[in-house]
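Below is one structure, written out as structure tokens, with a few remarks after it.
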Amino acid sequence: MNTSLNRRLAAGTVFLAVVAGVAPATAAQAAPGSTGSAHAAPSLPAPDDAALAAALENTRAAGAPGAMARISGRDGVRNATVGVRDTVTGAPMDTDARFRIGSVTKTFSAVVLLQLVDEKKIDLDAPVNHYLPGLLPDDRITVRHLLTHRSGLADYTNAMFDDTVAGFEAVRNKVFTYDELVKLSLSEPRTAEPGVSYQYSNTNFVVVGMLIEQATGHPVAEEYEQRIIEPLKLDHTSYVHPDTQIEGMHAHGYLTPDQAGLPLVDSTEQTVSWARSAGAMISNAADLNTFTSALVTGRLLPAPLLDQMLTMTPTDATNTRFYGLGLRRYDLSCGTSVYGHTGTVQGFYTYAFSTRDGGRSLTAMANTSNRGAANSALGGTLEAAFCGKRPAPTAAAATAATAATDGAL
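Numbering-wise (the working numbering), the sequence shown opens with residue 324 and increments by one.
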């Protein structure tokens, strides 16, 4: 590797490449929704390259060995990187590298399940126990409650990773069955009555995986492959559970130890069996941009089901973050709304979002986790990508632009 490049990367310099000129995109369309459909937005300005570089540098400064962002769409491609994807070799971060996408997996799982709804194999408003008899202690919990995080099922990962590194090492190579993960959840008190409130829980999408396998008779890996990966030609996307390796060029993920002063823990190789259909997929930035754009433009779901997926309810008091059926919406400071999901899995933070018309997509990744400041800094790529150059945001706008952490995912 070029020595001067090594020196620049070590100093945290951002490398940004632009492929084709980025002209203004068409306006994001308003999404149908019961509470706060998407705000109307003017034509998108060009991304703010300086703000994008600053967001990535801030992410590195907050503890990530490296970070990347890829902006793509009908107007061209922008790639930006900072730092390294491997602290041992010093290999620079690369937007082509594969990585663990954590809870972005939930959107893949939701798409497969909604395709099964379209095929009349599953009813969104039927009780989960209709399809998986006796699994849950409450017949009122419906399939829709799972997809919207309104089941009240406790998130077993909160206790599992109470001690970050020790909890991870205890499950790094373990292979869980779906039933075992559900039992971990049911051993804890439920968080709410079914349908009452949004409570993010990985348990919901573990059960979604069970529903997919029960309805199709196939492993979820086959359903992801046949229904999403192959049709969209996502050549760098896979679900390899319980294999532990990321094949091909990839970013290493790093955990920050619970005790200050200890070295980073390389968390790249793991089964991610503790997450399964809630968070075990692998992809890269280009594939995720293709996926989110294809989803919002109707290439994966018929319009009536896509409308239901895009029907959002608020998830926090800022009234800028919303959740539909396995899909998030963030309302940015410039009036643009973006759709996708965030992901946190040991060693990786991910943002994968598109405008409603699919005209612009962003995937951003940092190879760290359990570093809340790094996650918040990485969230700044959303404003840079979709809002362009603008005056310094107010405190309220900055708060709205910072994405929420998903707990364990």
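Note that beta-carbon positions come from the ideal geometry of N, C-alpha and C, so glycine has one too. Computed from a predicted structure; not experimentally measured.
> Any idea which residues DSSP pairs Met483 with across the strands?
Replying inline: Taking the first residue of the sequence shown as position 1, residue 483 is located at position 160. Per DSSP, none; premise fails for Met483.
> Out of curiosity, what's the CA-to-CA distance linking Leu587 and Val466?
Replying inline: Residue mapping note: residue 587 aligns to position 264 of the sequence shown, counting from 1. Residue mapping note: residue 466 aligns to position 143 of the sequence shown, counting from 1. Rounded to whole angstroms, Leu587 to Val466 spans 39 Å at the Cα level.
> In angstroms, rounded to a whole number, what distance separates the CA positions of Ser677 and Arg393?
Replying inline: Taking the first residue of the sequence shown as position 1, residue 677 is located at position 354. Taking the first residue of the sequence shown as position 1, residue 393 is located at position 70. Each residue's Cα considered, the two are about 12 Å apart.
> Of all the options Val337, Ala340 and Leu367, which has the alpha carbon lying nearest to the alpha carbon of Ala708?
Replying inline: The residue you call residue 708 lines up with position 385 of the sequence shown. Nearest option by C-alpha distance: Leu367.
> What is the residue span of the alpha helix (DSSP H) that Thr504 lies within?
Replying inline: As a first step, residue 504 is located in the sequence shown; it is residue number 181 there, counting from the start. The residue asked about is misnamed: residue 504 is Leu in this sequence, not Thr. Segment Tyr501 to Leu509, the alpha helix (DSSP H) holding Leu504.
> Around the Cβ of Leu453, are there at least 16 other Cβ atoms within 10 angstroms (buried) or fewer (exposed)?
Replying inline: On the sequence shown, residue 453 is found 130 positions in, with the first residue counted as 1. The amino acid occupying residue 453 in the given sequence is His; Leu does not appear at that position. When all chains shown are included, His453 counts as exposed.
> In its own chain, which residues sit with a C-beta less than 8 Å from the C-beta of Thr620, not counting the 5 before and 5 after it?
Replying inline: Taking the first residue of the sequence shown as 1, we reach residue 620 at position 297. Asp680 and Gly681.
> If you scan the stretch 422-455 from start to end, which runs of the alpha helix (DSSP H) of 4 or more residues do you find wholly inside it?
Replying inline: 427-441 and 451-454
>> Give me the residue from Thr382, Phe338 and Asp419 with the minimum Cα distance to His573.
In response: As a working mapping, residue 573 is identified with position 250 in the sequence shown. Here the closest residue by C-alpha is Asp419.
> Beta-carbon separation of Lys506 and Thr594 under 9 Å?
Replying inline: Locating residue 506 in the sequence shown gives position 183, where the first residue counts as 1. Locating residue 594 in the sequence shown gives position 271, where the first residue counts as 1. No, Cβ-Cβ distance for Lys506 and Thr594 is not below 9 Å.
> If we count the other Cβ atoms within 10 Å of its Cβ and call it buried at 16 or more, is Asn698 buried or exposed?
Replying inline: By 1-based counting over the sequence shown, the position of residue 698 is 375. Buried, since its Cβ has 16 or more Cβ neighbours within 10 Å.
>> Just to check my reading of the structure: Thr539 and Ser606 have Cβ atoms closer than 8 Å, yes? What is that Cβ distance to the nearest angstrom?
In response: Position 216 of the sequence shown, counted from the first residue, corresponds to residue 539. Position 283 of the sequence shown, counted from the first residue, corresponds to residue 606. Actually they are not in contact, since the Cβ atoms of Thr539 and Ser606 sit about 22 Å apart, beyond 8 Å.
>> Below 8 Å, is the gap between the Cβ of Glu548 and the nearest heavy atom of the ligand SAH?
In response: In the structure shown, the ligand SAH is absent, as is every other ligand, since no ligand is present at all.
> From Thr638, Pro580, His468 and Asn642, pick the residue whose C-alpha is nearest to that of Thr487; which is it?
Replying inline: For this step, residue 487 is matched to residue 164 along the sequence shown. The candidate whose alpha carbon is nearest that of Thr487 is Pro580.
>> Restricting to Cα atoms, I'd like to know which of Asp446, Pro370 and Gly413 is closest to Ser395.
In response: Translated into positions along the sequence shown, residue 395 becomes position 72. The residue with the shortest Cα to Cα distance from Ser395 is Pro370.
> What's the gap between the Cα of Val519 and the Cα of Asp409?
Replying inline: Reading the sequence shown from its first residue, position 196 is the one you call residue 519. Reading the sequence shown from its first residue, position 86 is the one you call residue 409. The alpha-carbon atoms of Val519 and Asp409 are separated by roughly 44 Å.
>> Using a Cβ distance threshold of 8 Å, determine whether the stretch 440-449 contacts the stretch 623-636, with at least three qualifying pairs required.
In response: yes
>> Since Met416 and Ala390 should fall inside the 8 Å C-beta cutoff, what is the C-beta to C-beta distance between them, to a whole number of angstroms?
In response: Walking along the sequence shown from the start, residue 416 turns up at place 93. Walking along the sequence shown from the start, residue 390 turns up at place 67. Between Ala390 and Met416 the Cβ distance is about 7 Å, and since that is below 8 Å, they are a contact.
> Are Leu469 and Val400 close, meaning C-beta to C-beta below 9 Å?
Replying inline: In the sequence shown, residue 469 corresponds to position 146, counting from 1. In the sequence shown, residue 400 corresponds to position 77, counting from 1. Going by C-beta atoms, Leu469 is not nearer than 9 Å to Val400.
> Within 10 angstroms of its Cβ, does Lys712 collect 16 or more other Cβ (buried), or is it exposed?
Replying inline: As a working note, residue 712 is residue 389 in the sequence shown. Burial call: exposed.
> Which whole-angstrom value is the C-beta distance of Gly670 and Thr591, which I expect to be below 8 Å?
Replying inline: Here residue 670 refers to the residue found at position 347 of the sequence shown. Here residue 591 refers to the residue found at position 268 of the sequence shown. The pair is a contact, with the Cβ atoms about 6 Å apart (cut-off 8 Å).
> Per DSSP, what kind of secondary structure is His472 in: helix, strand or coil?
Replying inline: Along the sequence shown, one-based indexing puts residue 472 at 149. Reduced to three states, the DSSP call for His472 is coil.
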